Each structure stands twice: as C-alpha cells, then as structure tokens.
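**Q** Following this message is one structure expressed as structure tokens.
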Amino acid sequence: MADVTTTPMDAQALDEVVTFTSELIRIDTTNRGAGDCRERPAAEYVAERLAAAGLEPALLERTPGRTNVVARIEGTDPSADALLVHGHLDVVPAESADWTVHPFSGEVRDGVVWGRGAVDMKNMDAMVLAVVRAWARHGIRPRRDIVIAYTADEEASAIDGSGYLADSHPGLFEGCTEGISESGAFSFHAVPGMTLYPIAAGERGTAWLKLTARGTAGHGSKVNRANAVTRLAAAIARIGDHEWPVRLTPTVRAALAELAVLHGIDTDVHAPGFDADALIAKLGPAAALVEPTVRNSANPTMLAAGYKINVIPGQATAYVDGRMLPGAEDEFTATMDRLTGPDVDWEFHHREVPLQAPVDSPTFARLRAAVERFDPDGRTVPYCMPGGTDAKQFSRLGITGYGFSPLKLPPGFDYAAMFHGVDERVPVEALHFGVHVLDHYLRSA
Ligand SMILES: [Zn+2]
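The sequence shown begins at 20 in the working numbering and counts up by one.
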C-alpha cells in the first residue's frame, strides 16, 4: 500500500516544479491553429524526465512534429480502475511587445514564474512530472494505475492531440474511468476572507456555427426584396438579442446551492420558482463562477458579404460562437432554426460535446479533501467550465473528466485574466501548493 501519511514532496520536487515550468515555457509551442505548431521538443523534454523516473513513455504522432506522450504508472491495486492525468503541451500565441517580460523567457522574478503557459498549462505539466519523479525517488506507488498523457493541439482542434489518442490509441487508456486536467482547484477570492477553490465537474459543449443567407443578386439601385445582406443582418440581430432561458445542470445547481450557503443567502435551489439570476446578483465576485453556465449562449463574431457598394450580393455569411449546456443541445438547435428563419441556413462549423461529471462521487469528495487538507480555510465548490478542454475527446473512451489543476494564489491575483492573457505568470508558492495537493490526491485516489 502506498503510504499517504508521509510527504515525499522533498526540496528536490519543489525545485523541479519551478525549473520544469520555466524550461517548458522556454520551449515555444505556439499553436496558431494553422498546423505550424511543433510540440515535439516539449514532448521529448517531458518524456526524458518520465523515463528517468523509471516509466516507459510512448511518443505518438498523427502529424510529424505534433507529438503526444503517454505513460502508465502501475498501481498497487490491480482491481482498481485507472485514472488519467492529462495536460496539453501547446500554448496560444503571445505578442512579446505587449508583455513586461518576454513571453517565452520563463523568467523567475520575485518568486513568480513568467511566460506563456505559466497557468495554461505548463504549470500542471510540470507539477505532474515533479510528483512522479519524487515517487520514484521514494519508492511510492499509487493505489490506482495512473495514465499520464501530455497532448498536442489542445488549443486548436485536438485532431493531432487528444482526438488522435482517443481514436487511434484507445488501448493506452484501458481501464481509465476518470481523468483530471486543467481549469479547476485554483483559489478564487470571493468576498473578503473567503477563498474558494472551484473544481470543474462539467463543460459546456462547443457550437461554432456558419450561417449562410441567400437572396437575389442585382444592381444596388434596383428594388430588391430578397437581399442576402438584409436577411443575414436580421438573423444575426435576433441571435445576438436572444435571451436564453435558465437551464440548471446538476453541477451548476450544486454550485449555486453551495455558494448561497457560503454567502449566507437563504434560498432553495430546488424550489419550482427558484430564480437563479436573482441569486447570482447577490453573489458578488463569485457570480463569475456560475453566470456563464446557467444558460446556453450564442455570440455573433464574424460577418462577410459583398464586394462592391453598388452590387447586391447573392449570398452573405456569418459565424456565431455558440455554447451548449449538457442536456440543452436539442433546445439549442431548435432555437437556432427559429432565430435564423426560412431565408438563412445554418450548420455546425465545429461541434464538441458538453460534459457532465457527478459531484456526489467518491472521486469528487477526494478532490475536495486534497485541497482542503493543504488550505484548511479554503472552501471547494463545484463548477461547470464555460468552454472546453481535452476532456471532451477523452470522454469518447468513457472517461469522466474533472478540472483539477491546484494552485493557491494570493488575493488580487486574477487567475481568469491569465488564461490566454498578457503577462501570464504563476507564483512559485502556488506551484508548491499544487505539487502537495496533486501528490496527496493521486496517492489517495
Ligand atoms: Zn489549457
């Protein structure tokens, strides 16, 4: 049995998590979505360090240079289900002129690691490496098999990353029933004196739509009652103005209930007339954890039509960024049919499933316990991610995903603004906290 009473997260582990975060940032894995990203040097970096810990990492590519790494740690209980721990190696672009330090410097300044990927998500990639290497030094094995996956292409379509792994290498994930990855268990400073740790148990689905309006092309000076531009503009205005109804998923309802109690608000989230918007209005900063996920959404983002001012085009197109809650996909498509109307066609340009993970599971309880052990004053709450992660792809293998990348951040540190933002950075102390929590959770899982 693994000994969960000792702490193998020694000085070397605490040093390594900082070094690994910094060095991974220095390996530029910018993913512009155009296929020019090269994760391979970062994949080799993590694979070498896994191999040095006695693991046998496999390097897997659908496209040359777009490298994924998968390794398995054998647990002590062969009857237990395996657990997937995954992190992506790519990052979104960064304009160095906008940054205080160079985004690919990985500079450690005043106890903070700076650079693109510092929170999304080379931090967790490094934490996992530091933990498994400490286990190797101390002869520790977890109870469950743990499959570690470092993926390419999360910041674009995942076609070269988790999508490829799920489709072409399902055997590597045999026995995995649950997974953990980014976007959860970071400290969120609500009202003064209250630190929350939202743990993700669900994701909205992606519904990127292409709209096409057709009409009669003709001279701009003539009467035209079938103008494609007018038809498209009307549909886009209806979509943009649409008030989506509240649809509470089990995760969001649980989040609202817990946030109400923590804020001393007396309400029954299960009552028939429960008003989610009224509760959210009383939550202060914590409203941000639930407001984007109580309803579907659809935001028009791109428009294109015409080539000359006196020529009415026969066609006009637009793109809409839609997001669908678990259980609300049919309503989303029916609403789009209605809002676009008879003169405008719409289709999914890109579609990804919504996810729902149970918050009353033993796994969720252990995730909470691991955080609260290392921050007894903090309070974990479930939440649903407004967007998506690689967990969507791994869900095809029957893996239930949780967002759990633990970080203890000081008040005033705007975690949400760090994601894809300028001056992305992470405190060294936060990385140390993450290593302790991950080690504890992964051994108690
Ligand atoms: Zn990410």
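All residues carry an ideal CB built from backbone N, CA and C; glycine is no exception. Being a predicted model, the structure only gives us computed values, none of them experimental.
#1: In chain order, which alpha helix (DSSP H) runs of at least 4 residues are fully inside the region 357-392?
#2: Quick one: grab the DSSP three-state call for Gly422.
#3: Reducing DSSP to helix, strand and coil, say where Asn243 ends up.
#4: Could you tell me the alpha carbon to alpha carbon distance between Asp356 and Pro122, rounded to whole angstroms?
#5: Use the C-beta contact count for Glu197: other C-beta atoms within 10 angstroms, 16 or more gives buried, fewer gives exposed.
#6: I'd like the span of the alpha helix (DSSP H) that includes Val89, first residue to last.
#7: Would Asp458 be called buried (16 or more neighbouring beta carbons within 10 Å of its own) or exposed?
#8: Closest to Gly224 by C-alpha separation, out of Thr382, Arg462, Arg342 and His455, would be which residue?
#9: Spatial neighbours of Ala101 within its chain, please: CB distance less than 8 Å, with the 5 preceding and 5 following residues excluded, ordered by chain position.
#10: I need the DSSP call for Val271, collapsed to helix, strand or coil.
#11: In whole angstroms, what is the alpha-carbon distance linking Met20 and Asp186?
#12: Please check the pair Asn329 and Ser240, which I expect to be a contact at CB under 8 Å, by giving their CB distance rounded to whole angstroms.
#13: Compute the beta-carbon to beta-carbon distance between Ala219 and Ser202, rounded to the nearest angstrom, for a pair I have assumed lies under 8 Å.
#14: In three-state DSSP terms, what is Ala145?
#15: Going along the chain, which residues of its own chain have a beta-carbon closer than 8 Å to the beta-carbon of Ser493, five neighbours each way excluded?
#16: For the alpha helix (DSSP H) that Met404 lies in, which residues bound it at each end?
#17: Is the closest heavy atom of ligand 1 to the C-beta of Asp139 under 6 Å?
#18: Tell me, please, whether the region 332-352 touches the region 262-270 by the rule of three or more beta-carbon pairs shorter than 8 Å.
#19: Which same chain residues end up closer than 6 Å to Asp22 when comparing Cβ atoms and leaving out the 5 residues on each side of it in sequence?
#20: Which one or two residues does DSSP pair with Met343 in a beta bridge?
#21: Compute every distance between the C-beta of Glu443 and the non-hydrogen atoms of ligand 1, then say whether any falls below 6 Å.
#22: My assumption, with CB atoms under 8 Å, is that Glu222 sits in contact with Ala410. Please give the rounded CB distance.
#23: Which of helix, strand or coil does DSSP assign to Pro319?
#24: Out of Gly130, Ser176 and Tyr169, which has the shortest C-alpha to C-alpha gap to Gly106?
#25: Under 8 Å, with one C-beta from each stretch per pair, do the region 366-384 and the region 283-290 reach the 3-pair mark?
#26: With burial defined as no fewer than 16 other Cβ atoms inside 10 Å of the residue's Cβ, what is the status of Asn318: buried or exposed?
#27: Would you tell me roughly how many angstroms separate the C-alpha atoms of Phe393 and Leu461, rounded to the nearest one?
#28: Would you say the beta carbon of Glu201 comes nearer than 6 Å to a heavy atom of ligand 1?
**A** Put simply:
#1: none
#2: Position 403 of the sequence shown, counting from 1, holds the residue named residue 422. Strand, per DSSP.
#3: As a first step, residue 243 must be located in the sequence shown, where it is residue number 224. Asn243 falls in the coil class under three-state DSSP.
#4: For this step, residue 356 is matched to residue 337 along the sequence shown. For this step, residue 122 is matched to residue 103 along the sequence shown. Going from the Cα of Asp356 to the Cα of Pro122 covers about 43 Å.
#5: Numbered from 1 along the sequence shown, position 178 holds the residue referred to as residue 197. The residue in question, Glu197, is buried, as its Cβ has 16 or more Cβ neighbours within 10 Å.
#6: Working through the sequence shown from its first residue, we reach residue 89 at position 70. Careful: Val89 lies outside any alpha helix (DSSP H), inside the beta strand (DSSP E) at Thr86 to Ile92.
#7: Along the sequence shown, read from residue 1 onward, the residue named residue 458 stands at position 439. It counts as buried.
#8: Numbered from its first residue, the sequence shown carries residue 224 at position 205. Considering only alpha carbons, the answer is Arg342.
#9: Here the question's residue 101 lines up with position 82 in the sequence shown. Closer than 8 Å at the Cβ level, and outside the excluded window around Ala101, lie Arg91, Gly94, Arg163, Asp164, Ile165, Val166, Phe192, Glu193, Gly194, Cys195 and Thr196.
#10: The residue you call residue 271 lines up with position 252 of the sequence shown. Reduced to three states, the DSSP call for Val271 is helix.
#11: As a working note, residue 20 is residue 1 in the sequence shown. As a working note, residue 186 is residue 167 in the sequence shown. For Met20, the predicted structure reports a pLDDT of 37, less than 50, and the residue's modelled location is therefore unreliable. The matter cannot be settled from this model.
#12: Indexing the sequence shown from 1 puts residue 329 at position 310. Indexing the sequence shown from 1 puts residue 240 at position 221. So it is a contact: roughly 7 Å between Cβ atoms.
#13: Sequence index remark: in the sequence shown, residue 219 carries index 200 (1-based). Sequence index remark: in the sequence shown, residue 202 carries index 183 (1-based). Between Ser202 and Ala219 the Cβ distance is about 5 Å, and since that is below 8 Å, they are a contact.
#14: Numbered from 1 along the sequence shown, position 126 holds the residue referred to as residue 145. If DSSP states are grouped into helix, strand and coil, Ala145 belongs with the helices.
#15: The requested residue 493 is not part of the displayed model; the chain covers only 20 to 464.
#16: For this step, residue 404 is matched to residue 385 along the sequence shown. Segment Arg398 to Met404 is the beta strand (DSSP E) holding Met404; no alpha helix (DSSP H) there.
#17: Indexing the sequence shown from 1 puts residue 139 at position 120. Because some heavy atom of ligand 1 lies under 6 Å away, the Cβ of Asp139 counts as near it: yes.
#18: At 8 Å Cβ cutoff, the stretches touch.
#19: The residue labelled residue 22 in the question sits at position 3 within the sequence shown. Per-residue confidence for Asp22 stands at a pLDDT of 44, beneath the threshold of 50, marking its modelled position as unreliable; the derived number appears in the next sentence. Cβ within range, chain order: n/a, list empty.
#20: Along the sequence shown, one-based indexing puts residue 343 at 324. Met343 is bridged to Gly224.
#21: Reading the sequence shown from its first residue, position 424 is the one you call residue 443. Incorrect: Glu443 has no Cβ contact closer than 6 Å to ligand 1.
#22: Mapped onto the sequence shown, residue 222 falls at position 203. Mapped onto the sequence shown, residue 410 falls at position 391. Contact holds; Cβ gap of about 6 Å.
#23: By one-based count along the sequence shown, residue 319 stands at place 300. Note: Pro319 maps to strand in three-state DSSP.
#24: By one-based count along the sequence shown, residue 106 stands at place 87. Considering only alpha carbons, the answer is Tyr169.
#25: no
#26: Your numbering for residue 318 matches position 299 in the sequence shown. With fewer than 16 Cβ atoms within 10 Å of its Cβ, Asn318 is classed as exposed.
#27: Within the sequence shown, numbered from 1, the residue matching residue 393 stands at position 374. Within the sequence shown, numbered from 1, the residue matching residue 461 stands at position 442. Cα to Cα, Phe393 sits roughly 14 Å from Leu461.
#28: As a first step, residue 201 is located in the sequence shown; it is residue number 182 there, counting from the start. Under cutoff, so the answer is yes.
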